[in-house]
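Engineer: Before I ask anything, let me first share the structure, which is written out below as structure tokens.
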Amino acid sequence: MDDKLKSALGGVTPPPSNQAREQALAAAMTAFDDAQEQKNARGAQGMSWRDRLKSIVSNKGTWTMDMRIPLGATFAALLVLPLGIAMMNQTALTPLDQLFEQPEQDIAARDRVEAEAPQETAAVEMPADMDLSDAPAAEPAPMPSAAPAPVMTQRLSNIASSGVQNFESVAGGEAGDRFAAFEEGGVQIVADNPVSTFSIDVDTAAYAYMRRSLEMGQIPQADAVRVEELINYFSYSYPAPMGDAPFATSVSVTPSPWNPENRLVHIGIQGETVDLDAVPPANLVLLIDTSGSMDEPSKLPLLKRAFALLVNEMGPEDTISIVTYAGSPGVVLEPTPASEKATILQAIDNLVPGGSTAGAQGIEAAYDLAEKAMIEGGTNRVLLATDGDFNVGLSDPDGLERFIETRRDEGIFLSVLGFGTGNYNDSIMQSLAQAGNGNAAYIDSYSEARKVLVEEMGGTLMTIAKDVKIQVEFNPQTVSEYRLIGYETRALAREDFNNDAIDAGDIGAGHTVTAIYEITPVGARGSVDPLRYGDEALAAPSDGSDELGFLKLRYKAPDGEVSQLIETPISFDGDGAMTSDDLDFATAVAAFGQKLKGSTHLRAMDWSEIRALAASAVGDDPTGRRAEFVRLVDMAESLTN
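If you want the working numbering, it's the 1-based position in the sequence shown plus 36.
Okay, here's the thing in structure tokens:
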């Protein structure tokens, strides 16, 4: 039983109405009289009129019973019919055509009874989707309609008030999903603002949500499309780190396919890959939303299968605990060695949905359990799985974030897995994951669960660097304008770069991170004309330097408090470390994301050109995800044309 039906069944039942009862009785008597007239008009068979009159006189005691039978059937129909319809609507398998079709003979009968009833009966409405074809009747006469049951009234009023288009949107599942609003990053004038600072991002939730939307025949809302998460969904063959650094940086410069006068500066970061056998023991607490809103195939059932994958990947030195929350938090499984897989899997399989969502209390209980099983020098992480519908116990989101930040400083991190649509609260999930030094992913399929929890398990569970920040200073002698593509929700102030107290993004083992700037070289036509008077006019001519800018990167060790600095110059030719397939494919994804958002910065590049660029750069694609992206471009084109 879904939440909407529960809510409808819990509605207030209207009080009995004497007027409606009298109207129904009058309609029933009218129907009975019609039936008797039709019966008399046909004439009796087998008896003469004298015999019939004699029979009536001699059997007058049975005449009353003859009348009670059709009247009793009529009143039984009035009482049973609404209940039967309400019960029919409780099954998820009832076809829509049975809910919204009405036989023509029932419509004609209803109109006839309403025309013969007193004028006041207009207050007794007949639902347009009530099927009377199987209703009991007293004689062939049409049955009078009864007032709809409360559950049907509420359901119909919702459809009538929202309209067909909104009903289709609800069926598609995206209505009600919430995302943090943000403005697309704009063009910056180097002479005015030469420095760009932001926090890196390895989240991929936006890509999986976008894919699900397109596969359901919908264009995702603009705020759901975070371009950097689309780009970072894919792995790229960037050079591996050398020495003691946990990651390496690479830079390349290519022409912009949507504006030939501009260039694209690609910044790639490759985290060190760690053998799973060398990963420190993990203390995982699975914090699972079992509220009523999770009672959908794409939510709790998929969540169970996803965590079964994770459990099978854990080692004997790892521990797993399970906390659920629905109305009140509950410890389903105390810290248990991962070697006891049957016990853990059985605990997951026994989970059932129900209740409202007391998310805040659940998080507190999960952290208490993580502290109880704390592994010094190991991975201590709460893994929250939810649709994000924190509707009870979360009156102070800022306070909850501060709580998570405090526990983060104690060495317990938080990652978030999102499920389902309809009330998916992405904005809360993103903020909680950022506060907990973790990443946010969206699980829309079993394949995605395998990607996040098996293929990228090292990155999901093991952080190799935290508070990673990037700052680029552009050279005004070679660059007139620049624009960072994506990362709008990760922007930092210039002074935040050297402030180790400012939180930033984290990189997990094996993760790759990509950032792309679109730049306008000096002398090319930019978005604004240069000033005739002022600092721009006094800019010194180029001294022949081929530097476009200077890249600086700060990071902390997972248990460190002081950041370290990596510096890399950005030249016209780049460092040549990135492959052409990686550059072209990342560019195609960046163009796709901007076009899907309706960006004003994507000038001359249509869907077919984006598709061609992506298809040419699929390259070695063992997982098939790049080929899948090409198909998503086709879907987006068909939905937008």
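A virtual CB, placed ideally from N, CA and C, is assigned to each residue, including glycine. From a predicted model like this one, the values you see are computed outputs, not experimental measurements.
1) If you draw a straight line from the C-alpha of ASP311 to the C-alpha of GLU349, how long is it?
2) With a CB to CB cut of under 6 Å and the five nearest residues on each side skipped, what residues in its chain are close to GLY660?
3) Could you tell me which residues DSSP pairs with VAL488 in its beta bridges?
4) With 16 as the cutoff for other CB atoms within 10 Å, does ASP542 come out buried or exposed?
5) For LYS408, which three-state DSSP category applies?
6) Since LYS633 sits in a beta bridge, which residues does DSSP pair it with?
7) So which of LYS633, THR496 and THR372 has the shortest CA-CA distance to GLU220?
8) Could you check how far apart the C-beta atoms of GLN630 and LEU638 are, in whole angstroms? I think they sit under 8 Å.
9) Return the Cβ separation of ASP213 and ASN459 in integer angstroms, given the expectation that the two are a contact with Cβ distance under 8 Å.
10) Measuring CB atoms only, is the segment 532-550 touching the segment 291-309, in the sense that at least three cross pairs come out at less than 8 Å?
11) Got a sec, what are the start and stop residues for the alpha helix (DSSP H) GLY307 sits in?
12) If you draw a straight line from the alpha carbon of ILE411 to that of LEU369, how long is it in whole angstroms?
13) Grab me the residues of LEU346's own chain with a C-beta within less than 7 Å of its C-beta, minus the 5 sequence neighbours each way, in chain order.
14) With three or more C-beta pairs closer than 8 Å as the rule, is the segment 484-498 touching the segment 324-343?
15) From GLN254 to PHE628, what does the alpha carbon distance come to, in whole angstroms?
16) Distance, Cα to Cα, GLY612 vs GLY279?
17) Does the beta-carbon distance from LYS502 to ASN473 come in below 8 Å?
18) Alpha carbon to alpha carbon, how far is ARG247 from TRP294? Give it in angstroms, no decimals.
19) PRO282 to ILE500, Cα distance in whole Å?
20) Let me know if ALA159 comes out buried or exposed under the rule of 16 or more other beta-carbons within 10 Å of its beta-carbon.
21) On the criterion of 16 or more Cβ atoms from any shown chain inside 10 Å, does GLU597 qualify as buried, or is it exposed?
22) Assuming contact is defined by CB atoms lying nearer than 8 Å, are GLY456 and ARG262 in contact in what I supplied?
23) Can you tell me which of the three DSSP states LEU528 falls into?
24) How would you label THR676, buried or exposed, when you count the other beta carbons within 10 angstroms and need 16 or more for buried?
25) Just curious, the beta strand (DSSP E) that TYR478 is in, first and last residue?
26) For a minimum of 3 consecutive residues, which ranges assigned as the beta strand (DSSP E) are wholly contained in the segment 222-286?
27) Pull up the DSSP beta-bridge partners for ARG590, would you.
28) So, at 8 Å on beta carbons, what are the nonlocal neighbours of TYR274 in its own chain, with the 5 sequence-adjacent residues on each side left out?
29) So for PHE449, helix, strand or coil by DSSP?
30) On the premise that ILE324 lies in contact with THR360, defined as a C-beta separation below 8 Å, what is that separation, rounded to the nearest angstrom?
31) Whose CA, out of GLY390, ALA469 and ASP595, lies closest to the CA of GLU332?
32) Out of GLY222, THR240, ALA63 and PHE234, point me to the one whose CA is closest to TYR478's CA.
33) On the criterion of 16 or more Cβ atoms from any shown chain inside 10 Å, does LEU589 qualify as buried, or is it exposed?
34) According to the Cβ coordinates, are GLY585 and PHE510 closer than 8 Å?
35) In the DSSP assignment, find the unbroken alpha helix (DSSP H) run with SER581 in it and report its ends.
36) Below 7 Å CB to CB, which residues in the same chain sit around PHE234 once its five sequence neighbours on both sides are set aside?
Structural biologist: In short, the structure shows the following:
1) 13 Å
2) none
3) Beta-bridge pairing links VAL488 to no other residue.
4) buried
5) helix
6) Answer by DSSP bridge pairing: none, since LYS633 is not bridged.
7) LYS633
8) 4 Å
9) 7 Å
10) yes
11) Not the alpha helix (DSSP H): GLY307 falls in the beta strand (DSSP E), residues 299-307.
12) 18 Å
13) LEU489
14) yes
15) 15 Å
16) 20 Å
17) yes
18) 23 Å
19) 6 Å
20) Summary for ALA159: the model assigns pLDDT 40, below 50, so the residue's position carries little reliability; its value from the coordinates is reported in the next sentence. Answer is exposed; the Cβ neighbour count stays below 16.
21) exposed
22) no
23) coil
24) exposed
25) 476-479
26) 231-235
27) LYS505 and LEU601
28) ALA284, SER286, GLY304, ILE305, GLN306, THR548, ALA613, MET614 and ASP618
29) strand
30) 5 Å
31) GLY390
32) THR240
33) buried
34) yes
35) That residue, SER581, is in no alpha helix (DSSP H); it is neither H nor E in DSSP.
36) ILE506, LEU520, TYR523, ARG526, ALA527 and LEU528
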